[in-house]
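Written below as structure tokens is the structure these notes are about.
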Amino acid sequence: MTDTLDTVFAALADPTRRAILAMLLEDDMAVTDVAEPFEMSLAAISKHLVILTKAGLISQEKRGRVKWCKLEPDALRTASVWMQGFGQFEPVNLDAFERFLEVELPTPDEA
Numbered sequence: 500m501t502d503t504l505d506t507v508f509a510a511l512a513d514p515t516r517r518a519i520l521a522m523l524l525e526d527d528m529a530v531t532d533v534a535e536p537f538e539m540s541l542a543a544i545s546k547h548l549v550i551l552t553k554a555g556l557i558s559q560e561k562r563g564r565v566k567w568c569k570l571e572p573d574a575l576r577t578a579s580v581w582m583q584g585f586g587q588f589e590p591v592n593l594d595a596f597e598r599f600l601e602v603e604l605p606t607p608d609e610a
């Protein structure tokens with residue numbers, strides 16, 4: 500499972516790939532339609548799509564002469580289940596923690 504999660508999170512690390520996944524939430528899309536809103540070449544978009552496909556986040560299917568992309572939610576589900584394990588902890592108020600440290604820890608002058 501670790502290798503799968505590594506691959507999924509590596510794919511999700513890129514903002515372009517996250518934007519592509521958001522677009523595919525609506526419906527299946529042709530590769531050319533996926534590429535349209537981005538200011539990069541079709542070859543660059545294709546590389547992103549290969550990474551998403553290898554991670555299992557999307558599938559690609561040729562229909563006639565057009566290649567279509569489809570969101571595959573199962574890979575995201577695995578990552579989501581893993582992340583939910585961290586939901587048991589209360590969020591940390593970093594400002595309050597910083598004030599606590601200022602009071603409790605000596606300054607370099609006091610040490």
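Residue numbers (my numbering): 500 to 610. Glycine included, each C-beta is placed from N, C-alpha and C at the ideal position. Only a predicted model underlies this, so the values are computations on that prediction, with no experimental measurement involved.
Report yes or no: do the segment 532–547 and the segment 569–587 share at least 3 C-beta pairs separated by less than 8 Å? In short, these stretches do not touch, since the Cβ pair count stays below three.
Pull up the distance between the alpha-carbon of residue 602 and that of residue 505, whole angstroms please. The alpha-carbon atoms of residue 602 and residue 505 are separated by roughly 40 Å.
DSSP three-state assignment for residue 558, whether helix, strand or coil: It is a strand residue.
Strand pairing of residue 546, partner residues [DSSP]: Answer is none; residue 546 lacks a bridge partner.
Within the same chain, show all residues whose beta-carbon is closer than 8 Å to that of residue 558, passing over the 5 residues directly before and after it, in chain order. Close CB contacts of residue 558 within its chain, under the 8 Å cut and outside five residues either way in sequence, are with 552, 568, 569 and 571 (chain order).
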